[in-house]
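Those protein sequence lines, which keep their order, are chains A and B.
Residue 229 in numbering that gives the first Met the number 0 is what sits at position 230 of the first sequence, and the numbering runs on without skipping anything.
Residue 129 in numbering that gives the first Met the number 0 is what sits at position 130 of the second sequence, and the numbering runs on without skipping anything.
C-beta: ideal position from N, C-alpha, C; glycine also.
The structure displayed is predicted, hence computed values, not measured ones.
2 protein chains.
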Amino acid sequence: MASVLPDFDAVLAAAARIAPHAHVTPVLRSHTLDALAGCELHFKAEQLQRAGAFKFRGACNAVWSLSDEDAARGVVTHSSGNHGAALALAARTRGIACHVVVPEGAVAAKLAAIQAYGATLHHCAPTIAAREAACAQVQRDTGAELVHPYTDARVIAGQGTAALELLSIATLDALVVPVGGGGLASGTAITTSAISPSTRVFLAEPAGAAETAASLERGERVTEFVPDTICDGLRGTLGAPNFTLLRQHRAEALVVDDSATVAAMRLIWQRTKQLVEPSSAVALAAVLAHRERFAGLRVGVVLSGGNVDLDALPDLFARSHA
Amino acid sequence: MASVLPDFDAVLAAAARIAPHAHVTPVLRSHTLDALAGCELHFKAEQLQRAGAFKFRGACNAVWSLSDEDAARGVVTHSSGNHGAALALAARTRGIACHVVVPEGAVAAKLAAIQAYGATLHHCAPTIAAREAACAQVQRDTGAELVHPYTDARVIAGQGTAALELLSIATLDALVVPVGGGGLASGTAITTSAISPSTRVFLAEPAGAAETAASLERGERVTEFVPDTICDGLRGTLGAPNFTLLRQHRAEALVVDDSATVAAMRLIWQRTKQLVEPSSAVALAAVLAHRERFAGLRVGVVLSGGNVDLDALPDLFARSHA
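Here it is as structure tokens:
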């Protein structure tokens, strides 16, 4: 695993590396949402990225960073969510094996998506220890390269390409991204500091997993918490390199209740006709909840993905009325 | 009301007339859906049209066809759905009054959308007689021009511009559109016959409102039926001019169950991240239900709109498992 903190050169290299495989996603506007928010919103539409989320950028950069020799042994990760599917698809673009360790009880539809991209699933008990043991076992058995969902430097650099595309076509006063483990957040911070230092980076975080806000406030990484949020992509614990990068680049966290996130998700669906997942909508929710901070500004919002569990929708919508 | 049947020149004139106001919507592709359907699908994304549906094309053409003198008296229609909102927005682009007659019991969210575009609502009892009386009263009181949702020649010509855009960038063996009152269907038939006569036009129709299929089979217009379908945009009765045009151009109807439509809608949501309404998804459902007819072909599918009633989703999804 690459362990040095990535810099903007790494983001530029990632952009060149993934260009043949990843989509340059569009930037969407909505007059109605601008009026509602009282600012000028520029939505980076990563739900239209391959495999339905920004995660493909980092996974693709990691896969195509490998030497031919290393690549031949395949890649492995532990993620039953968007990173697992993204790595599976990225591995397929290079024609190499992908192993995904998934906990018992993971959503069947998500596992089917990972398998549909050609990855091999390895089931384990739903604990961190079991997950790490299963990953280590796959590495020993196959020699596969571990690609961590958000602490891997190649992954962080790849996620930084979304902001690179957005800032190359829009001048922004602020850029708001969701934060979970911090891969997208730290990649965005690197890119923004390098090419648009006057743009403030904000991290939208669900109240039920707000350890990034706590970590930045205390000046040390908080890792003890039990996530309780509908934003299934944002339940991970902020990674150590991610924390370091976010502090360095002075990103600011904004904490949002799930009910506000569901309301923002409905607005995005109704107004842009784009199916984004709750973990994306949290960024617009943060803008709407802190309207005075963004009044009149040009605000970028990364819609991080569109992999919604449709069978869970009735429950989700019930939350917005809570 | 314009009563002569529109021809392709009328479609071309409409295209020029609406160009300053309407979006040229994108055409979307999906490898996964192609593989599922066994053909090459080209989705015309009218959910991204202004006011969220193709209806803006016809409404805009009608509004901008009026003389300044007639326009000054405004427009009126009866529609609590997409046409009402589309006409309201079209009237606003010309800065004229719009009156919309709506039946008691109409969905509050839809009425709010019509009002948000600046139209005046006129409530009436939920019968055809009450609706027509209320329209006539508004016409007497204001001199407003009636713009019928689908029999108006200016509306039909406007709807024909969607196929014009699609066929100008894609060579198609077949073109599948939803059919309700027949505005989009007959406009599509006019355009297709004129510029791509070898392209077959198919009309996707819900089984619970399949009077177009019955009308085309009998060779006379069937108007006696009680619609029972989740496709709220397709409950209207096929119009007389629409029937004449569809027969002339030998369009063929394909009837689809609501459960297949909901399943197709979920597929479109999951695979393209586009929020389309059931009345749109019926077209993909028709292709999937008649796979052998479309095998290996280049197939255009008009996604007609994205105005989904989110509060009704749990009920909708329950249908797909029926």
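>> Using the Cβ count rule (16 or more neighbours within 10 Å means buried), how would you classify Q273/A?
In response: That one is buried.
> Using the C-alpha atoms, what's the distance from L40/B back to T31/B?
Replying inline: Computed Cα separation, rounded: 10 Å.
> Using the beta-carbon count (16 or more within 10 Å), is A34/B buried or exposed?
Replying inline: For A34/B, the number of other beta carbons within 10 angstroms of its own is below 16, and it is reported as exposed.
> Going along the chain, which residues of its own chain have a beta-carbon closer than 7 Å to the beta-carbon of G182/A, five neighbours each way excluded?
Replying inline: Closer than 7 Å at the Cβ level, and outside the excluded window around G182/A, lie G57, P148, Y149, V154, I155, Q158 and N241.
> Using the C-alpha atoms, what's the distance from P102/B back to A12/B?
Replying inline: Each residue's Cα considered, the two are about 34 Å apart.
> Cβ atoms of G218/A and R246/A: under 9 Å apart, would you say?
Replying inline: Going by C-beta atoms, R246/A is nearer than 9 Å to G218/A.
> Per DSSP, which one or two residues make a beta bridge with C123/A?
Replying inline: Answer is P102/A.
> Terminal residues of the continuous beta strand (DSSP E) containing H30/A?
Replying inline: The continuous stretches of beta strand (DSSP E) do not include H30/A, which lies in the alpha helix (DSSP H) extending over residues H30 to A36.
>> I'd like the list of long-range same chain contacts for A259/A, defined as Cβ closer than 6 Å, with 5 residues on each side in sequence excluded.
In response: Shown here for A259/A: same chain residues with a beta carbon closer than 6 Å to its own, the five before and five after excluded, namely A284 and A288 in chain order.
> On the premise that V99/B lies in contact with A133/B, defined as a C-beta separation below 8 Å, what is that separation, rounded to the nearest angstrom?
Replying inline: That belief does not hold up - the Cβ atoms of A133/B and V99/B are roughly 10 Å apart, past 8 Å.
> For V26/B, which option in F42/B, T92/B, R270/B and A107/B has the closest C-alpha, if you only look at C-alpha atoms?
Replying inline: Looking at the Cα atoms, F42/B is the closest of the given residues.
>> What does the Cβ neighbour count give for I127/A, buried or exposed, with the cut at 16 atoms within 10 Å?
In response: Residue burial annotation: I127/A is exposed, with fewer than 16 other C-beta atoms found within 10 angstroms of its C-beta.
> When the Cα of I95/A is compared with those of E144/A, A50/A, T191/A and D151/A, which residue comes out closest?
Replying inline: Answer by Cα proximity: E144/A.
>> Counting only beta-carbon separations shorter than 9 Å, does V23/A have a partner in chain B?
In response: Chain B, which has no Cβ nearer than 9 Å to the Cβ of V23/A, makes this no.
>> Distance cutoff 9 Å, beta carbons only. Does F53/B sit that close to anything in chain A?
In response: Interface criterion not met: the Cβ of F53/B is under 9 Å from no Cβ in chain A.
>> Just to confirm my understanding: we take A208/A, look at its own chain, exclude 5 residues before and 5 after, and list those with CB closer than 6 Å. What are they?
In response: For A208/A, where only same-chain residues beyond five positions count, the Cβ hits under 6 Å are P226, T228, L233 and R234.
> Does DSSP put L171/B in a helix, in a strand, or in coil?
Replying inline: When secondary structure is reduced to three states using DSSP, L171/B falls in the coil class, being assigned neither helix nor strand.
> Straight-line CA distance for V74/B to E164/B?
Replying inline: About 27 Å.
> What residues from the region 218-239 of chain B come within 8 Å of chain A, judged by C-beta to C-beta, listed N to C?
Replying inline: Cβ contacts with chain A come from no residue of the region 218-239 of chain B.
> Beta-carbon of R130/B versus every beta-carbon of chain A: anything under 9 Å?
Replying inline: R130/B is outside the set of residues whose beta carbon lies under 9 Å from a beta carbon in chain A.
> Can you list the residues of chain B that K272/A reaches, using a CB-CB cut of under 7 Å?
Replying inline: Those are Q46, L47, G51, Q273, L274 and G305, listed as they occur along chain B.
>> Taking 9 Å as the threshold (C-beta atoms), are V275/A and G299/A in contact?
In response: Cβ atoms of G299/A and V275/A: not closer than 9 Å.
>> Determine whether the beta carbon atoms of R220/B and L202/B lie at a separation below 9 Å.
In response: Taking 9 Å as the Cβ cut-off, R220/B and L202/B do not qualify as a contacting pair.
> In chain order, what residues of the same chain lie with their CB nearer than 6 Å to the CB of A85/A, ignoring the 5 residues before and after it?
Replying inline: Cβ contact annotation for A85/A (same chain, cutoff 6 Å, sequence separation greater than five): A50, K54, F55 and A58, in chain order.
>> In whole angstroms, give me the CA-to-CA distance for A124/B and R290/A.
In response: A direct Cα-to-Cα measurement between A124/B and R290/A gives close to 42 Å.
>> Let's see if you can read the secondary structure: which residues bound the beta strand (DSSP E) around E251/B?
In response: Unbroken beta strand (DSSP E) run through E251/B: E251 to V255.
> Excluding sequence positions up to five away, which residues of its chain have a Cβ less than 7 Å from the Cβ of D314/A?
Replying inline: Same-chain partners within the cutoff: there are none.
> Applying a beta-carbon distance threshold of less than 8 Å, which residues of chain A neighbour P313/B?
Replying inline: Per Cβ cutoff of 8 Å: L312, P313 and F316.
>> Mapping the DSSP letters down to three states, classify H82/B as helix, strand or coil.
In response: The three-state secondary structure of H82/B, taken from DSSP, is helix.
> Taking Cβ-Cβ distances below 8 Å as the criterion, which residues of the region 242-271 of chain B are in contact with chain A?
Replying inline: Taking 8 Å as the cut-off between beta carbons, the residues of the region 242-271 of chain B near chain A are R265, W268 and Q269, in sequence order.
> So which residues of chain A does L322/B contact, with C-beta pairs closer than 8 Å?
Replying inline: Outside the shown range of chain B, which is 0 to 321, sits residue 322/B, and nothing can be said about it.
>> Short of 7 Å in beta carbon distance, which residues of its chain neighbour A282/B, apart from the five on each side in sequence? Order them along the chain.
In response: Excluding residues within five positions, the ones whose Cβ falls inside 7 Å are V175, V176, P177, A203, V300 and V301.
>> Could you tell me the alpha carbon to alpha carbon distance between A321/A and D257/A, rounded to whole angstroms?
In response: With a pLDDT of 47 at A321/A, under the threshold of 50, the modelled position of that residue is not reliable, and no figure is offered here.
> What is the rounded straight-line gap between the Cα of A152/A and the Cα of S185/A?
Replying inline: Separation of A152/A and S185/A (C-alpha to C-alpha, rounded to the nearest whole angstrom) is 10 Å.
>> Looking only at its chain, what residues have a beta carbon closer than 8 Å to the beta carbon of T191/A, apart from the 5 residues adjacent to it on each side?
In response: Closer than 8 Å at Cβ, skipping near neighbours: A162, L166, L174, T198, V200 and H248.
> Which runs of the beta strand (DSSP E), 3 residues or longer, sit entirely within the region 189-263 of chain A?
Replying inline: Given a length threshold of 3 residues, each whole run of the beta strand (DSSP E) inside the region 189-263 of chain A is given here in chain order: 199-205 and 251-255.
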